[in-house]
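> Residue 206 in UniProt numbering sits at position 206 of the sequence shown, with consecutive numbering throughout.
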Amino acid sequence: MLSEELRFHRLNLDSFKTPYIQHCILEMPISDVSSDLTIEVGSGSFALHKFPLVSRSERIRKLLLEAKDTKVSRINLTGLPGGSDAFELTAKFCYGVNVEITISNMALLRCAARFMKMIEDISEKNLKIHTEVFLKDTIFPNISNSISVLHHCETLLPVSEEVNIVSQLTNAIANNACKEQLTSSLSKLEYNFPSKPVQYVDSETPSDWLGKLLAVLNLDFFQRVLSAVKIKCLKQDIINKIFVNYAQNSLQGLFIKDL
């Protein structure tokens with residue numbers, strides 16, 4: 001009889017350590033049903049079951065169908081954005097476990113959904129559509145959220161580019177900034193940023209705190225945002241101030257790291 005909840009166990013495999021790789025197995029057994037498929041992702045190994053995975057992932061389904069051995073019990077996934085951490089989240093989703101999408105893992109899950117081909121053609125309400133809804137409802141309307149997710153995209157290249165999330169976030173930031181400029185000459189841009197940290201006092205101008213927010217981005221992504229806001233109609237003097245604030249805050253961050 002199948003249990004109502006999945007049980008997740010990490011096994012201590014210290015005896016299998018090498019000088020370079022630490023192996024770890026994550027088991028997701030359904031009651032007494034033994035694993036029939038092991039997925040290897042980098043240094044991680046996951047003892048799982050074929051049915052939940054093929055019901056959600058077209059990539060897993062295709063790999064099993066193309067295998068010369070019809071009784072294949074081991075698959076190696078290379079190139080998965082986010083590695084074993086990303087696969088663990090997608091595997092839980094395949095098993096029906098509630099996976100909370102957050103600002104921190106949004107980009108990771110979107111890229112993983114692309115790699116694993118977790119699309120609607122395979123299963124309704126699959127991971128890809130969940131990430132798209134979260135982007136539309138929670139990320140795009142808010143400048144702070146958009147910048148945070150864009151920052152997480154930096155370590156997920158080139159897949160984050162391929163799924164268009166980088167360009168979508170860049171455009172969302174530019175659209176929100178220019179929208180506020182048109183309606184209030186940017187004097188009330190902070191209302192588009194409800195989670196503004198306390199240290200950003202009211203005396204600061206939007207270009208001040210926006211420059212600070214953008215300081216988390218690497219230079220390439222920052223330049224993309226600047227190009228987008230310029231195209232969208234943000235005034236050049238505001239862009240210049242944002243650039244100066246970005247430079248100041250970026251240099252300050254580098255100085256602190258070196259201490």
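Beta carbons: idealized from backbone N, C-alpha and C, even for Gly.
#1: Measuring CB to CB, does Cys-94 end up less than 8 Å from Leu-156?
#2: Please state the DSSP three-state secondary structure of Arg-56.
#3: Kindly indicate the opening and closing residues of the beta strand (DSSP E) around Asn-76.
#4: Can you tell me the Cα-Cα spacing of Leu-150 and Ala-107, whole angstroms?
#5: DSSP three-state call for Asp-202: helix, strand or coil?
#6: Thinking C-beta only, is Ala-172 closer than 8 Å to Phe-140?
#7: Are the region 72 to 79 and the region 31 to 43 in contact at 8 Å, needing three or more beta carbon pairs?
#8: Name the two residues that bound the continuous alpha helix (DSSP H) containing Ala-113.
#9: Could you spell out the range, first to last residue, of the beta strand (DSSP E) harbouring residue 273?
#10: CB-CB under 8 Å to Val-163, same chain, minus the five flanking residues each way: which ones, in chain order?
#11: Do the CB positions of Asn-245 and Gly-211 come within less than 8 Å of each other?
#12: Three-state secondary structure (DSSP) at Val-225?
#13: Starting from Ser-148 and walking both ways along the alpha helix (DSSP H), at which residues does that stretch end?
#14: Closest by CA to Ser-104, which one among Glu-124, Asn-98, Phe-134?
#15: Check whether the Cβ atoms of Ile-147 and Leu-226 sit closer than 8 Å, and answer yes or no.
#16: How big is the Cα-Cα spacing for Leu-53 and Gln-223?
#17: Mapping DSSP to helix, strand and coil, what is Ser-34?
#18: Out of Ile-239, Ile-231, Leu-214, Cys-233, which one is the CA nearest neighbour of Leu-251?
#19: Figure out for me which residue from Val-97, Leu-169, Gly-96 has the closest Cα to the Cα of Glu-132.
#20: What does the Cβ neighbour count give for Phe-46, buried or exposed, with the cut at 16 atoms within 10 Å?
#21: Terminal residues of the continuous alpha helix (DSSP H) containing Cys-94?
#22: Can you tell me the Cα-Cα spacing of Asp-85 and Lys-235, whole angstroms?
#23: One question on the structure: do Ile-101 and His-130 come within less than 8 Å of each other, judged by their Cβ atoms?
#24: In whole angstroms, what is the alpha-carbon distance linking Ala-228 and Ser-73?
#25: Short of 6 Å in beta carbon distance, which residues of its chain neighbour Thr-90, apart from the five on each side in sequence? Order them along the chain.
Taking the definition as stated:
#1: no
#2: In this structure, DSSP gives Arg-56 a state outside helix and strand, which the three-state scheme calls coil.
#3: Start and end: 74 to 76.
#4: 8 Å
#5: Residue placement at Asp-202 is poorly supported in this model, since its pLDDT is 49, which falls under 50; the coordinates still yield a value, given next. Three-state result, Asp-202: coil.
#6: yes
#7: yes
#8: 106 to 116
#9: Residue 273 is absent from the model: the chain starts at 1 and stops at 259.
#10: Close CB contacts of Val-163 within its chain, under the 8 Å cut and outside five residues either way in sequence, are with Arg-110, Cys-111, Arg-114 (chain order).
#11: yes
#12: helix
#13: 143 to 153
#14: Phe-134
#15: no
#16: 40 Å
#17: coil
#18: Leu-214
#19: Leu-169
#20: buried
#21: For Cys-94, the enclosing alpha helix (DSSP H) starts and ends at 83 to 94.
#22: Their backbone Cα atoms lie some 42 Å apart in a straight line.
#23: Yes, these two residues count as a Cβ contact at 8 Å.
#24: 48 Å
#25: Ala-112, Met-116
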